[in-house]
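Chain order of the listed sequences is A and B. Going left to right, the first sequence walks through residues 1 to 268 as this note's numbering numbers them. Going left to right, the second sequence walks through residues 1001 to 1237 as this note's numbering numbers them. C-beta: ideal position from N, C-alpha, C; glycine also. It should be emphasised that the depicted structure is a prediction, and the values quoted were computed from it without experimental measurement.
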Amino acid sequence: MENNVLISVKDLSKSFGELEVLKSVSIDIKAGEKVVIIGASGSGKSTLLRCLNCLEDPTGGEIIFENENIADPHVDINIHRQKMGMVFQQFNLFNNKTVLENITLAPVMVRMQKLRRQKHLALFGKAEKPTETKAQILAEEQEKAMALLARIGLAEKAEAYPSTLSGGQKQRIAIVRALAMNPKVMLFDEPTSALDPEMVGEVLDLMKELANEGMTMAIVTHEMGFAREVADRIIFMDGGVIAEEGTPEALFGNPKNVRLQAFLAKVL
Amino acid sequence: MEQLWTRFSKAFLVQNRWKMYFEGLGNTLLIALIAALIGITIGVVMAMVNYINKKTGKLKIATKICNFYITVVRGTPVVLQLMILYFVVFAFWDNGIMIGAITFGLNSGAYVAEIARAGFESVDDGQMEAGRSLGLSTWQTMRTIIIPQAVRNCLPSLFNEFIMLVKETSIVGYVGIYDLGKIPGLIQSRTFDYLFPLLIAAVLYLVVVLALTRVLHMIEKRMAKSDRNAGGATNGK
């Protein structure tokens, strides 16, 4: 049980100037768990999610990921972010890159960086001489990216630029772009809020597939039907604290917190 | 009529004087080109420092230095800057064309910094966040994602800066550099007639500027076209 915890958040707080957005929030996310975070706008739910990979630097508290406190500014956050995929409300595909390049860019750069480091070390006899070459890395990552694109049925869009795609296509590509890094956890920040209604389904379907494959997921969403279906645990944020948490059945069926009752009355 | 032709001939044909105009024009373009390269380099670096400072809060001192540089360069006349570099800083160096190019490069850098700053600001914040969320460093994201988009967005303005430079560099004649703007004076000193030398130089400037403006319009058109194509999926046309 104890070893099963993938991300452990302890007393996390975050302020923007005077404004205190998160007030001492603590949660554990277990490997394979699907945690859905709900709440009214301004409740701190997106900030909590963005703190998990330090896209927002926490003002206080700890985030333990793989036995390291990644909230500590001395930790090389880039290495940890490579294992935490993130999907944004506005997709944020790289506009100057094709779909294929969007997916391969980060894996290729990260692997090339490792390759160069190993080469330097090998020069001083401190490591094995690397056996892979840039061409190999590129070919491998392209193959992997094409497989991911084929999986979401967008293989023919590999050479297209993001601006030619629909919102649903963009978001599905953004999801597989994160998957290309083989992350241990996926963070979703309102992934369907910027989509036209008819495109919400295709994105949620892909997320359900991921959930069924056992991916650890933390999701901020307003899709209550999806939350009920996929979540192992639902967290209701209010005023920068976790006001109530529990299974979907407990939260939706028998909400105790008054604010949660009011929130559910509005969104359901 | 005949008299006008003699005056023109003296200004342009006698002693192959037309060559002087084209040599001057060559120097003008050389100075403008080198100055543009220096200016764009300085300007983009300064805009980048400013951008990183804004997004991450790092590089505070570098940003202060950049802002000081921009204030001083934009707040003083370029003629004085030219004289300071020509007569003081590079007093030991007799390559006037290079000194002129460096002066205008340093000067233009302060203006390009503002252009490039707008270019960087036009890139959506989400692009940097997406790069960082994938585990790339700030610099890796800048290099592969932000800079290419920022440069593309301000390409027309950058090219316009080059056109400005072609005209503005005419003051290098002030310190005795033989650019196109200096030639009419040289010829007048032989023929005691300013009319045609000035007209010819003006026409040459105009032709070059018009040609470059055409190139600029072509760039703008191409960019608009690729933007239209890009938006095709949602526009339907």
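Excluding five sequence neighbours on each side, which residues of the same chain lie with their C-beta closer than 7 Å to the C-beta of residue i?
i: B:F1012; result: W1018, F1196 and I1200
i: B:Y1205; result: K1167 and L1180
i: B:I1219; result: L1155, P1156 and F1159
i: B:L1085; result: I1099, I1102 and T1103
i: A:G168; result: L195, M199, E202 and V203
i: B:T1234; result: Residue confidence is low: B:T1234 scores 37 on pLDDT, short of 50, so the model does not pin down where it sits. Its coordinate-derived value is still stated next. Within the same chain, B:T1234 has no close Cβ partners at all.
i: A:K170; result: F91, L93 and P162
Count the other CB atoms, across all protein chains shown, that sit within 10 Å of the CB of residue i; report buried if there are 16 or more and exposed otherwise.
i: A:L52; result: buried
i: B:Y1051; result: buried
i: A:Q261; result: exposed
i: B:T1141; result: buried
i: A:F188; result: buried
i: A:T104; result: buried
i: B:M1048; result: buried
i: B:G1231; result: The pLDDT assigned to B:G1231 is 42, lower than 50, so where the model puts this residue is not dependable; a value taken from the coordinates is nonetheless given after this. It counts as exposed.
i: A:F88; result: buried
i: A:N182; result: exposed
i: A:Q136; result: exposed
Whose C-alpha, out of the options, is nearest the C-alpha of residue i?
i: B:T1191; options: B:S1009, B:M1001 and B:E1002; result: B:S1009
i: B:D1208; options: B:F1022, B:V1089, B:I1065 and B:L1082; result: One detail in the question is off: residue 1208 of chain B reads as Val in this sequence, not Asp. When each option's Cα is compared against that of B:V1208, the closest is B:F1022.
i: B:A1150; options: B:V1045, B:E1002 and B:L1025; result: B:V1045
i: B:Q947; options: B:L1025, B:D1193, B:Q1127 and B:G1119; result: Chain B is shown only over 1001 to 1237; residue 947 of chain B falls outside these bounds and no answer can be derived.
i: A:G253; options: A:L268, A:G240 and A:D11; result: A:L268
i: B:L1030; options: B:V1088, B:V1072 and B:I1177; result: B:I1177
i: B:A1113; options: B:A1202, B:E1161, B:M1020 and B:H1217; result: B:E1161
i: A:A147; options: A:L179, A:K134 and A:A250; result: A:L179
i: B:I1146; options: B:T1028, B:K1055 and B:G1039; result: B:K1055
i: A:N95; options: A:S163, A:Q136 and A:A211; result: A:S163
i: A:G32; options: A:H74, A:P248 and A:M217; result: A:M217
i: A:A158; options: A:Q118, A:I173, A:S26 and A:G167; result: A:I173
i: A:I175; options: B:V1089, B:S1133 and B:I1034; result: B:S1133
i: B:L1082; options: B:G1024, B:T1063, B:N1153 and B:I1097; result: B:I1097
i: A:V99; options: A:G246, A:V25, A:E20 and A:L154; result: A:L154
i: A:P255; options: A:G240, A:L12, A:I235 and A:G239; result: A:I235
i: A:A160; options: A:M84, A:E245 and A:L93; result: A:L93
i: A:R233; options: A:I29, A:E18 and A:S13; result: A:I29
i: A:N78; options: A:K34, A:M109 and A:L206; result: A:M109
Identify, in the order they occur along the chain, each residue of the same chain with its Cβ nearer than 6 Å to the Cβ of residue i, setting aside the five sequence neighbours on each side.
i: B:G1236; result: With a pLDDT of 33 at B:G1236, under the threshold of 50, the predicted position of this residue should be treated as unreliable, though the coordinate-derived value follows. Result list for B:G1236: empty, nothing under 6 Å.
i: A:R81; result: N53
i: A:M1; result: Bear in mind that a pLDDT of 44 at A:M1, under 50, signals an unreliable position, so the number given afterwards is only what the model happens to contain. Same-chain partners within the cutoff: there are none.
i: A:F65; result: I7 and H80
i: B:M1001; result: none
i: B:G1131; result: T1141 and I1145
i: A:K10; result: S26, G61 and E62
i: B:G1109; result: G1039, I1042 and G1043
i: B:C1066; result: M1046 and V1049
i: A:A231; result: K34, V36 and P248
i: A:L121; result: A127
i: B:S1170; result: G1181
i: B:L1025; result: L1180 and L1204
Leaving out the 5 sequence neighbours to the left and right, which residues in its chain are closer than 8 Å to residue i when beta-carbon positions are compared?
i: A:L270; result: Limits of chain A in this structure are 1 at one end and 268 at the other, which puts residue 270 of chain A out of reach.
i: A:A106; result: Q82, R177, A180 and M181
Distance cutoff 8 Å, beta carbons only. Does residue i sit that close to anything in chain D?
i: B:I1145; result: No chain D appears in this structure, whose protein chains are A and B.
Item to check | Contiguous beta strand (DSSP E) assignments of at least 3 residues, all confined to the stretch 62-107 of chain A | outcome: With a minimum length of 3 residues, the continuous beta strand (DSSP E) runs that stay inside the stretch 62-107 of chain A are 84-87.
Next on the checklist: As an exercise, report each continuous beta strand (DSSP E) stretch of at least 3 residues that is fully enclosed by the stretch 142-202 of chain A, in chain order.
Outcome noted: Given a length threshold of 3 residues, each whole run of the beta strand (DSSP E) inside the stretch 142-202 of chain A is given here in chain order: 185-189.
Checklist entry - For the stretch 90-104 of chain A, which residues have a CB atom closer than 7 Å to at least one CB atom of chain B, in sequence order? => result So the list reads Q90, N92, F94, N95 and N96, given in the order they occur along the chain.
Item to check | the stretch 1115-1138 of chain B: positions lying closer than 7 Å to chain A by Cβ | outcome: Residues passing the 7 Å Cβ filter: G1126, Q1127, E1129, A1130, R1132, S1133, L1134, G1135, L1136 and S1137.
Checklist entry - What are the complete alpha helix (DSSP H) segments, minimum 4 residues, inside the stretch 1040-1101 of chain B? => result Correct list: 1060-1075 and 1078-1083.
Next on the checklist: Report the start-end ranges of each alpha helix (DSSP H) in the stretch 1163-1221 of chain B that is 4 residues or longer and not cut off at the edges.
Outcome noted: Runs found: 1183-1191.
Checklist entry - At which residue ranges does the stretch 1126-1164 of chain B contain complete alpha helix (DSSP H) runs of 4 or more residues, listed in the order of the chain? => result Listed in chain order, they are 1138-1141.
Checklist entry - Can you list, in chain order, the residues of the stretch 105-136 of chain A whose Cβ is nearer than 9 Å to any Cβ on chain B? => result The stretch 105-136 of chain A vs chain B, Cβ under 9 Å: L105, A106, P107, M109, V110 and Q113.
Next on the checklist: At a CB distance below 7 Å, what residues from the stretch 43-60 of chain A approach chain B? Give them in sequence order.
Outcome noted: So the close ones are N53 and L55.
Item to check | Contact set between the stretch 61-84 of chain A and chain B, restricted to residues whose Cβ is under 9 Å from the partner | outcome: Those residues of the stretch 61-84 of chain A that come within reach of chain B (Cβ to Cβ, closer than 9 Å) are I77, N78, I79, H80, R81, Q82, K83 and M84.
Checklist entry - Just by C-beta distance, which residues in the stretch 1027-1041 of chain B are closer than 7 Å to chain A? => result Residues passing the 7 Å Cβ filter: none.
Next on the checklist: Short of 7 Å Cβ to Cβ, which residues in the stretch 179-204 of chain A face chain B?
Outcome noted: Result list: M181.
Item to check | Complete beta strand (DSSP E) runs within the stretch 102-137 of chain A (minimum length 3 residues, chain order) | outcome: For the stretch 102-137 of chain A, not a single whole beta strand (DSSP E) run of length 3 or above is found.
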